[in-house]
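Only one structure is covered here, and it is reproduced in the block below.
Number of protein chains: 2
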Amino acid sequence: MTAHVFDAALALNGAGETLTGHTHPAYANMVGPFGGMISAVLLNAVLQHPQRLGDPVSLTVHYAAPIADGGFGLVPRVMRTNRTTQHWLVELVQAGGVAAYATAVTATRRDTWSASDAVFPEVPPADRVAVAPPVPRAAWTASYEMRFIDGALTMEEGERADSLTRLWIRDQPPRPLDYASLSAICDAFFPRIFVRRPKWVPVGTVTLTTYFHADAAQLAAVGAAPVLGVARANRFEQGFFDQSAEIWSGDGKLLAASHQLVYFKE
Amino acid sequence: MTAHVFDAALALNGAGETLTGHTHPAYANMVGPFGGMISAVLLNAVLQHPQRLGDPVSLTVHYAAPIADGGFGLVPRVMRTNRTTQHWLVELVQAGGVAAYATAVTATRRDTWSASDAVFPEVPPADRVAVAPPVPRAAWTASYEMRFIDGALTMEEGERADSLTRLWIRDQPPRPLDYASLSAICDAFFPRIFVRRPKWVPVGTVTLTTYFHADAAQLAAVGAAPVLGVARANRFEQGFFDQSAEIWSGDGKLLAASHQLVYFKE
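For the record, the sequence lines run as chains C and X.
The numbering of the first sequence is full-length UniProt numbering, which starts it at 1 and goes up by one.
The numbering of the second sequence is full-length UniProt numbering, which starts it at 1 and goes up by one.
Dropping the structure here:
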């Protein structure tokens, strides 16, 4: 049995503070690799670190420079270890420079009072929504099953009043959800500017932050079922826009909230 | 004429890669300094760096350990410089360990197509809303003028259905808005758990990310007028909750969107 393509792309060689990885053609984007896969790879350097304490609760990725297809190095560093939380920095090095880096917090979680301000939207179940075809210019989209309820990428229509997208999404082929794949799914929304204003322009995520609201057992309970993604922009201004997204389990639990800042060229 | 207390708290000694600062009693919190002031100090190490390119567009702060009242060191590092963007890491060192650190992106901005998904809420103007008294147990609140439209801290009431707060806020005494003070205001919302569930428990921001949507000229245009802050939580779960906030100018421009993850003890 061969490894799932996501796990093949995620694979790192080495241990501790000397890791190497390689981009994978199944997660290629228009230029360089899909940012969600880079996010997953950076997180994986923390996940497989021998000194890790607990599970991820936050992850911030900086896409500092274009990443070329090919190999890269990863340098994880424990910045601080407390009793129940741990703070991280991971650098992704390519051609002698820092091409991306991430900070993360891991923590031991325990049951507490729980509540939600965010409300699970009323949407049709995944099996009632058609699967969208992959986007040819973005190879990575073939590695996901996407069922758009609204806000699909339709570059034929006019400018919209908002950039809201809601879709059911999971790995293609299906794979049980974990922190690495969830972090990648948080970046699997098309750039909001293309939803709001259908015109191809150069874009690139500059930085991406994800907060994880589920422990490993809650993620495992989702299994390989589709999750609901909701994304919108706040503001497009002077070459940058921000996006806020939520990822929900099918039974209405908020698994992650994710935010990113994206560069765009007029 | 003496410096504004915010500028006194912000002041750093040294230049380039060897900076020192000091906590200020006007920005003391229940334990240690107000996190917004730490955010401003970390950003200031970037702002006054001789190699800085452009203005801040994003800032992520990790509150890695308790910060003691007293002196600290700051070590800024340029991670990558591109043509129009620059990526940063700043470490705050105290007692030989990393007590906090920040990543940031600065960029040269230029006028482009502009739009907003977020909608300026209908609220009464600042001069129609009463100024709230400072919170005695949090000294820093006396360094802000806060006018709550809703979601004030009223620990006498029962559990609420949401944690939404809207308030007009500015420095006290008034001070013209800039990136440092805006980054601090992004952390000036009381912990959402106290709004939703009025019960004192230990809390602490773990990580805070702010996206700046205004250039320096737009911030200068706000001057010392109050800005509108809007904050809500998404989910409280297993010892952590996240908060998303918006800061608006009085004339309805989104100046910043800010997100944070907060630890709480049941």
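Even glycine gets a Cβ: it sits at the ideal position worked out from N, Cα and C.
Answer yes or no: do residue i and residue j have a C-beta to C-beta separation smaller than 8 Å?
i: C/P134; j: C/R166; result: no
i: X/F212; j: X/P56; result: yes
i: X/L10; j: X/A40; result: yes
i: C/Q238; j: X/R109; result: yes
i: C/F189; j: C/A245; result: yes
i: X/G70; j: X/L19; result: no
i: X/V75; j: X/V93; result: yes
i: C/A132; j: C/M146; result: yes
Quick one: list the residues of chain X neighbouring residue i, beta-carbon separation under 8 Å, in chain order.
i: C/V113; result: First, the residue type needs correcting, since residue 113 of chain C is Trp and not Val in the sequence shown. Here the neighbours are R197, F236 and E266.
i: C/T60; result: T60, T103, T207 and T209
i: C/A257; result: N234, R235, D242, S244 and H259
Starting from the beta carbon of residue i, find every residue of chain X whose beta carbon is closer than 7 Å, and list them in chain order.
i: C/N82; result: A65
i: C/G97; result: R80
i: C/D215; result: Q238
Have a look at the DSSP bridge pairing and note the partners of residue i.
i: X/E91; result: X/V75 and X/Y101
i: X/N29; result: Per DSSP, none; premise fails for X/N29.
i: C/N13; result: C/T20
i: C/T58; result: Looking at the sequence provided, one finds Ser at residue 58 of chain C rather than Thr. Beta-bridge pairing links C/S58 to C/V105 and C/Y211.
i: C/R80; result: C/H87
i: C/A115; result: X/F236
Which residues in chain C have a C-beta closer than 8 Å to the C-beta of residue i? List them in chain order.
i: X/D162; result: D117
i: X/Y101; result: M79, H87, L89 and T103
i: X/V57; result: V206, F240 and L261
Which bits of chain C does residue i rub up against, with CB to CB less than 7 Å?
i: X/A233; result: D117
i: X/Y211; result: D242 and L261
i: X/L254; result: N234 and R235
i: X/R109; result: Q238 and G239
i: X/H49; result: Result: empty, since nearest Cβ-Cβ is about 17 Å, beyond 7 Å.
i: X/A45; result: Per Cβ cutoff of 7 Å: no residues; X/A45 is ~16 Å from chain C at best.
Nearest to residue i by CA position, among the options, is which residue?
i: X/T84; options: C/A233, C/G204, C/Q172 and C/A217; result: C/G204
i: C/F240; options: X/V105, X/D242 and X/F241; result: X/V105
i: C/R235; options: C/T210, C/H62, C/F264 and C/A102; result: C/F264
i: C/S143; options: C/I38, C/I169, C/K199 and C/A220; result: C/I169
i: X/S114; options: C/I193, C/G229 and C/A3; result: C/I193
i: X/Q260; options: X/R160, X/V31 and X/A233; result: X/A233
i: X/A221; options: X/R175, X/N29 and X/P76; result: X/R175
i: C/Y27; options: C/S181, C/T103, C/T154 and C/Y101; result: C/S181
i: C/L43; options: C/E266, C/C186 and C/A225; result: C/C186
i: X/V46; options: X/A245, X/V5, X/A102 and X/E237; result: X/A102
i: X/T141; options: X/A161, X/A3, X/H62 and X/D171; result: X/D171
i: C/P191; options: C/L219, C/L177 and C/D162; result: C/D162
i: C/G158; options: C/P33, C/R196 and C/A107; result: C/R196
i: C/D215; options: C/S249, C/P202 and C/W200; result: C/S249
i: residue 354 of chain C; options: C/A224, C/V201, C/Y179 and C/A152; result: Given a span of 1 to 266 for chain C in the structure shown, any question on residue 354 of chain C remains unanswerable.
i: X/P136; options: X/D251, X/D7, X/F6 and X/M30; result: X/M30
i: X/A130; options: X/A138, X/D117, X/D150 and X/T207; result: X/D150
i: C/F148; options: C/L164, C/F34, C/T209 and C/M37; result: C/L164
i: X/V119; options: X/L228, X/T60 and X/A3; result: X/L228
i: X/F6; options: X/D111, X/R160, X/G14 and X/P173; result: X/P173
i: C/L219; options: C/K253, C/L177 and C/P202; result: C/L177
i: C/S183; options: C/M37, C/A224 and C/G252; result: C/M37
i: C/M155; options: C/A138, C/P124 and C/W200; result: C/W200
So which residues on chain C does residue i lean against when the C-beta distance must stay under 9 Å?
i: X/A132; result: In chain order: nothing, as chain C lies at least about 22 Å away.
Would you list, in sequence order, the uninterrupted alpha helix (DSSP H) runs of no fewer than 4 residues that lie entirely inside the UniProt domain "Acyl-CoA thioesterase-like C-terminal" (132-263) of chain X?
-> For the UniProt domain "Acyl-CoA thioesterase-like C-terminal" (132-263) of chain X, whole alpha helix (DSSP H) runs of length 4 or above, ordered along the chain, are 179-185, 192-196 and 216-222.
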